[in-house]
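In this note's numbering, the protein residues as written are 1105 to 1435. One structure is given here, and the rest of the page talks about it.
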């Protein structure tokens, strides 16, 4: 992980700092005043690493114009390399973590190096979450996943772990994500998505271990594109209408990537594929039907296939469902 670039200025007698760090397609920024708890932080994901680098340079130029001067960079926090992740999470905020008293991670029967903390209120067994950690490197890092209490089924978790424990190193191989087929279906799910620590953001609340906790969860085949770039996966799991991936009883949320040029009395235009929800496609279809003849709309599925629609070549909702959901659409 790269170091932070730190900038400081004296304002109203106090030393203000602003710092920035690029991590792949992500730019992390934090700011505040030395000796004060007031400040903030933000993270933004760009289209690719080139755009991220340009974003960093633009932000730095803006701070220099405000009178900030660059000082020695600060190393990104990595915590105690000899501390177990389980213990570090428990101690990250003193005696409290996840908003509750210090959690108890208990071994999961049948799986070595897998522990679980049940954040479930005893009087409301269907609420809350189960937090699982698949430990690696003698506990110095982990693969994490959460299951909503209302959809938690021990047999489904067992099936998921049978695959995950065999691939726990994948999210740490330098690539942002891996979509893999499960050894056997887990309820309605056929695949798993494994995310690097930067993409998954499983431990964003605990900076000292954030770079050592990756993320995994089961998915439908149609929910993540087979050749998705990191920016698309980021939008699917963190953006507007993101996958409710801790809900293991959810219906499919298929890939709906759209670009369009709808001309007429109510024009809409976006010539770059972006991630949308199905409801957006449904609202554009009637507009396309009433648009001028040279209007168009393109839909890209998880397979990377593109269907081009025009005012004279529309598709029925059932046809679009097959295109977006089925491995072999009948269109």
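Virtual Cβ for every residue (Gly too), placed ideally from N, Cα, C. Keep in mind it's a predicted model, so treat the numbers as computed, not measured.
Close Cβ partners of residue i (< 7 Å) along its chain, the five nearest in sequence each way excluded
i: residue 1171; result: 1113
i: residue 1232; result: 1223, 1224, 1225 and 1253
i: residue 1220; result: 1209, 1210, 1212, 1234, 1235 and 1236
i: residue 1142; result: 1136
i: residue 1370; result: 1391
i: residue 1347; result: 1327, 1340, 1341 and 1357
i: residue 1379; result: 1336, 1339, 1340, 1343 and 1361
C-beta atoms of residue i and residue j nearer than 8 Å
i: residue 1248; j: residue 1312; result: no
i: residue 1293; j: residue 1341; result: no
i: residue 1419; j: residue 1411; result: yes
i: residue 1307; j: residue 1296; result: no
i: residue 1298; j: residue 1317; result: no
i: residue 1153; j: residue 1302; result: no
i: residue 1174; j: residue 1111; result: yes
i: residue 1414; j: residue 1400; result: yes
i: residue 1251; j: residue 1352; result: yes
i: residue 1381; j: residue 1345; result: yes
Under the three-state DSSP convention, the category residue i falls into
i: residue 1294; result: strand
i: residue 1425; result: helix
i: residue 1396; result: coil
i: residue 1254; result: helix
i: residue 1224; result: coil
i: residue 1123; result: strand
i: residue 1414; result: strand
i: residue 1270; result: coil
i: residue 1276; result: helix
i: residue 1069; result: Limits of the chain in this structure are 1105 at one end and 1435 at the other, which puts residue 1069 out of reach.
i: residue 1319; result: strand
i: residue 1361; result: strand
i: residue 1235; result: strand
i: residue 1219; result: strand
i: residue 1203; result: Its pLDDT being 38, under 50, residue 1203 is placed unreliably by the model, and the measurement read from it follows with that caveat. Note: residue 1203 maps to coil in three-state DSSP.
i: residue 1130; result: strand
i: residue 1150; result: coil
i: residue 1287; result: strand
6 Å CB neighbourhood of residue i in its chain, flanking five on each side removed
i: residue 1134; result: 1123 and 1145
i: residue 1394; result: none
i: residue 1131; result: 1148, 1156, 1159 and 1160
i: residue 1151; result: 1335
i: residue 1256; result: 1234
i: residue 1430; result: none
i: residue 1197; result: Any reading at residue 1197 is ruled out, since the residue's pLDDT is 40, under 50, leaving its predicted position unreliable.
i: residue 1284; result: 1296
Sequence-distant residues of the same chain with beta carbon closer than 8 Å to residue i, five excluded per side
i: residue 1218; result: 1211, 1212, 1236, 1237, 1238, 1239, 1265 and 1269
i: residue 1425; result: none
i: residue 1384; result: 1360 and 1362
i: residue 1163; result: 1124, 1131 and 1133
beta-carbon residue i near the ligand SAM non-hydrogen atom, thresh 7 Å
i: residue 1233; result: The model on display carries no ligand, and the ligand SAM is accordingly not part of it.
Supposed close pair residue i, residue j - CB separation, criterion 8 Å
i: residue 1373; j: residue 1365; result: 5 Å
i: residue 1363; j: residue 1376; result: 6 Å
i: residue 1367; j: residue 1405; result: Contact doesn't hold; Cβ gap of about 25 Å is too wide.
i: residue 1262; j: residue 1287; result: Incorrect: roughly 12 Å between the Cβ atoms, too far for contact.
i: residue 1291; j: residue 1260; result: 5 Å
i: residue 1289; j: residue 1337; result: The Cβ separation is near 22 Å, so there is no contact.
| query | Do the region 1346 to 1359 and the region 1317 to 1334 make contact, defined as three or more Cβ pairs closer than 8 Å? | reply | yes
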